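Everything below concerns the one structure shown next.
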Amino acid sequence: MNKEIASNLRCSSKNNHSINKYVINKHRFQLSVVASALLFSGYAISYSEMGQLGDKQSWESQEYQKDWGLSAMNASSAYALGYHGQGAKIGVMDSGALLSHQELSGSRFHAVKAKGEYGTTGMRYPQEMGGHYEKGQLFDVDGNWIKGVNDTHGTHVTGTVGANRDGDGMHGVAWGSDIYLGNTGATDSNNYGPYQDYQYFYTGWKAMVDAGAQVINNSWGTNPRIINTIPTKGPDGGNTTVHMPVDTTAQTEYEYFYFKKVYGDKPSFVDAAFDAVKGTNVVQVFTTGNRDFANPYYRPLYPYFNPEAENHWIAVAGLKQTADKSGYQLEKVFNEAGNAKWWTVVAPGRNIYSTVVDEEGNPGWDTFSGTSMAAPHVTGAMGVLMSRYQAMNAMQVRDLMFTTANRYNPDGSLYDSWTSAEGTPDIRYGWGTPDLEKGMYGPGQFLGKFEYQLDAVPLDVWTNDISQTALDLRKQEDTAWLAAYKDKGIAAGGDYSLGDDFIINDGNSDPTSHIVSKEDAQKWRQEYYQKRADAIQAKLDAGLYDGTLVKKGQGTLVMTGDNTYRGGTTVEQGTLYGFTESFGLEAVNVNGGKFGIIDRYNDVFTQKGQLASNESHKANININDKGTFLVMAGHNVNVGDVSLNNGAALDVGADNVGQLRDVYLNNNVATGIVNADNLVDNRIKMKMAATDNNLETNNDYALFDKNVSVKDNTIKGTISKKADTSLSTFANNENGRAIANAIDNKGSGELFNAVLPMNKSDLSRTYQSLGNDMYLNANNASVVNVLGLTRTVKDQAIGIGHGRYAALENSQARIWMTGIGQWGNADYGNSNMDVDFYAGLVGAEIDVTSQTKAGLFFGAGSTKYKANEQGKIDSNDIHIGLYGVSNIYDVASLNYGITHTNQDRDAKRTLWVGQASGNNSVSYDAKITQLFLEGAYTQFNTDKYSIEPYTGFNWLRVSTDNIHEQVGNMQFTSKTDSQDIQVGTVGLRGGYPFTAGNINMALKGDVSASHIFGDNRPEAKLFLSNSGEATLRGGKLDNLFGVGFGVDAQLNKSTTFGVSYQGQYNSDVSSSGINATLKINF
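In numbering that gives the first Met the number 0, the protein residues as written are 0 to 1081.
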């Protein structure tokens, strides 16, 4: 859709078809170029988010205020609840987007490739005789802005959808969403009349669908033109001179006929939009147009003629601020909802500030107007709503957006010229403006059968009133249309518009080529009339003019509105509960899962606070086979008729953790009562039950006993604490018990609240997950690796004693290089991990005296700790050290030194708290500093061999950074205690020199036993989300047995090369390593 620059309400049609000329403020570009230069030079401007959950105003930053459309849609209300598009995937088909723009850069933005060949020959810009494409011509394009092909339109639109919230410029509506960009291969002058190639657009749209886009914005293009020199205006003063009219139904019908005539028996590019999403839940968003007509153009009106596409369609009209900016009103010089009112919303489209790019590719910001600017507000709103309702598909979110849309100004007055009744769409505005405040609180109506598969999140809360108003009007209108068709046939549509009263500017030299014959018009009207009739009849037969809720999935849905939908409520899976007036006017059928009634609810999920039932009407309930009626402890509720049918079950539960906390801490009994007007118990087992009808329930609480009884028209349930049971009862190891006792002692906090309602399995799983000692035992494994690395350094340094090495002649100083690879398994405590350790060392040493040499080394490497399902750690390691070797009167040798290892660790693991999981990626440092001293007795050495018994001592200091993880809103911090570890070693090493050809060589071997003491069991404090702190312990580093052997070869007078194996073992550790060392004399 051609946009209109704020300073000029008229869209230019004189621009060259390659690039639309936009005057963009020079200073804005200068600023943006500076910002881009800083960004790409590596200079990062830090942005700290000031928005706070629960504080709406904190999100209304300068960026936010740059686009008045955000306030018009109450976007800050959604942001304050934590929803800004995260997890949503949004497509934008337009004239590319400049992804080097600071607002559009980053991993959220994806240029989607479309590759294929054109299926037809035509022009993108027939009104300008430009944009030619040929059948069979290849295309290969992605969503990046292309210089000389695209204009700024797509960049502006993309910014409104989801530009970064970075403290600069502006930000998009859904600034946390992933955005998938397609390319029309043109500018915004692309004409969306019957001129575009089906194959090109099908390929582009389908590529975005395949990439995962859930909703696709289509702001691009301009409407068909006519040849006319006599100025005309629409009813609201808009210029309509050269624009194909779509004021009446007959005129919109003509455009449909025109498409049929041009494309013949082949599908149009608008059919491609539907074909690309058919069979999916993807929604297409289209602009109504920028002309002063009462109806949209064919593209947004498509479902009127093709009703099977309606659930996939959104049309968008334009909204503007009132003159004093105190309210909002329709932009009346843009196309209105008209016959598309049932799938139209109105959104901010006048004076919209967003991202732009000039002809040379320079980024900036500027203000444009048009329905092109309105549509991305709607698409962005869809993204925010999809982040709120992750268990809904995009078509369900579309219905929710429609039925919660706003028609009121901030002062409470209706939009100017609004005519429809409450809860119904207006002929001019459609449903109204997307409201991201009301939209947080559930649907406003069901537009048919709403099957809610609540699996993606464990809980959802709907507090809006859910009515039947729109469906009642839709049924009235549809059945009236159907009756007229049955009575009069296609004559009910009145006279035809055949296009014979104007000439279309379509680049065709024949001025009559667009005219439709009456015979064709009758045939095509008959086709779409029959499709409309069949669709209406199918909805009547299926009862889809009554709103229906079907609850599926294992999650819990809470409903607290005063709801009047008439299609009934069915529970198939999971849990559904709410107020007695919240389940519509027909009976609730529980065929599976659980259903309950409450008299009050404290909504902390969407922060509505304490809510209370008004009992405006009572729920009638049928509990069927495999269904469960859930008595809610602490509630005394009234219902209508209750039928407990054969196979029905009864249970009792708590709707808030406060009840369970009171029972657990104070040993109280929580009681719930359900009073029915009439209760019929048809269960066979009940006839054999005890006279007092007390029933044991299937207890899914680990900590509580439950009981339910039925007497007359009353069901009573109780929850009490299990005798001789505490949180630690279900812990199966030391760390689990430490966590359980810490939570028990605290008796409050997020984790305490989370564990109270758990079953045995979930409670044990929580302890096992939080008590996992992966981080602690990674430290143990690192100690073993550092000891092995030190053994390698000491081994190469030994140059005193016969037979241990291939001697270098006249060697006063040496450099050496060693490659180390160690692979092993560490089975400590509660974790088992495979450990791969790699290091490359470079060292230099010099003979200080005839009896002493000193050296230093530096190295780098990596360690991979793989704990299977418990997680993994990848570490980048740096090693440095100093060492020395001294000969003591040819009787003994001393080997001594200091080493330091720094590990930059990246860890990933999933923590579980009950059924909730947190996928954590954390980075932290670990440091290991070591002092070592080793003495060997050398009097057994001869010229033919060497045997050296030795003893050694190592002191190691191990420390790590704090580790922060979370599950949902629960925060867990591990603070690992520093360790001082001592290692005492005794061993025997030897060597045997020999000659192979002309090469001097030496075999060497080593056996040792080490005793590890001191802080040889790592510990950490785990802070349990305000629920206490527990001391976790890792496995104990125990005695190690070591073995090594290898061979050195003198390659020439100044060079030796050696390869060796070393292993370290005990009952918990097996570590094997290969080392290769090159030593060069200089």
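All residues carry an ideal CB built from backbone N, CA and C; glycine is no exception.
Nothing here was measured: the structure is a model prediction, and the numbers come from that model.
- Within its own chain, the residues whose Cβ lies closer than 7 Å to the Cβ of Glu571, once the five positions on either side in sequence are excluded, are Val549, Lys550, Lys551, Asn590, Gly591, Gly592, listed in chain order.
- Cα atoms of Arg904 and Met773: separation of roughly 13 Å, rounded to the nearest angstrom.
- Within the same chain, and ignoring the five residues on either side of Trp417 in sequence, the residues whose Cβ sits closer than 7 Å to its Cβ are Arg406, Asp425, Tyr428.
- The beta carbon of Leu762 lies closer than 7 Å to those of Ala701, Phe729, Val754 in the same chain, with the five residues before and after it left out.
- With respect to the C-alpha of Asn666, the residue from Lys319, Lys720, Ser581 having the closest C-alpha is Lys720.
- Between the region 820–827 and the region 1058–1068, the count of Cβ pairs shorter than 8 Å is three or higher; the stretches touch.
- The region 479–499 and the region 604–623 do not touch, with fewer than 3 CB-CB distances between them shorter than 8 Å.
- When the alpha-carbon of Gln389 is set against those of Asp711, Tyr949, Lys88, the nearest one is in Lys88.
- Looking only at Gln902, Lys146, Asp711, Ala722, the smallest Cα-Cα distance to Ala777 is reached by Gln902.
- Here the alpha carbon of Ile226 sits roughly 28 Å from the alpha carbon of Pro302.
- Fewer than three pairs of CB atoms, one per stretch, sit closer than 8 Å, so the region 269–276 makes no contact with the region 530–543.
- The region 162–176 and the region 200–211 do not touch, with fewer than three beta-carbon pairs separated by less than 8 Å.
- Taken in chain order, the complete beta strand (DSSP E) segments of 3 or more residues contained in the region 648–729 are 648–652, 669–680, 693–695, 703–710, 713–720.
- The alpha-carbon separation between Gln51 and Tyr352 amounts to approximately 25 Å.
- Apart from sequence neighbours up to five positions away, the residues of its chain that approach Asp415 with a beta-carbon distance below 6 Å are Gln328, ordered along the chain.
- Tyr600 is bridged by DSSP to Leu610.
- Across the structure, Val456 and Val208 are spaced so that their CA atoms are roughly 24 Å apart.
- Secondary structure at Met72: coil, using DSSP grouped into helix, strand and coil.
- Between Ala632 and Val651, the CB-CB gap stays under 8 Å.
- Rounded to the nearest angstrom, the Cβ distance from Val957 to Ser977 is 7 Å, consistent with a contact under 8 Å.
- Assignment of His311 by DSSP, reduced to helix, strand and coil, places it in the helix class.
- Residue environment: Ala812 is assigned as exposed (fewer than 16 neighbouring CB atoms within 10 Å of its CB, all protein chains considered).
- For Gly858, DSSP records a beta bridge to Leu840, His878.
- In the DSSP annotation of this structure, the continuous segment of the alpha helix (DSSP H) that includes Ser763 starts and ends at 759–769.
- Distance from the CA of Thr984 to the CA of Asp942, rounded to the nearest whole angstrom, comes to 27 Å.
- A straight line joining the alpha-carbon of Asp471 with that of Gln525 spans about 27 Å.
- Contact fails between the region 1049–1056 and the region 1004–1017, because fewer than three Cβ pairs, one in each stretch, are under 8 Å apart.
- With at least 16 other beta carbons inside 10 angstroms of its own, Ile819 counts as buried.
- Closest by C-alpha distance to Gly130, out of Asn190, Asp846, Ala162, is Asn190.
- Using a Cβ-Cβ distance cut-off of 8 Å, the region 120–136 and the region 67–77 are not in contact, since fewer than three pairs of beta carbons, one from each stretch, lie closer than that value.
- For His963, the uninterrupted beta strand (DSSP E) segment begins and ends at 962–966.
- If you draw a 10 Å sphere on the C-beta of Gly986, you find 16 or more other C-beta atoms in it, and that means buried.
- With 16 or more other Cβ atoms from the protein chains shown falling within 10 Å of its own Cβ, Phe931 counts as buried.
- Under the three-state reduction of DSSP output, Ser747 falls in the coil class, being neither helix nor strand.
- Shown here, Asp357 sits in coil according to DSSP, grouped into three states, outside any helix or strand.
- With the rule of 3 Cβ pairs closer than 8 Å, the region 708–726 does not count as touching the region 872–891.
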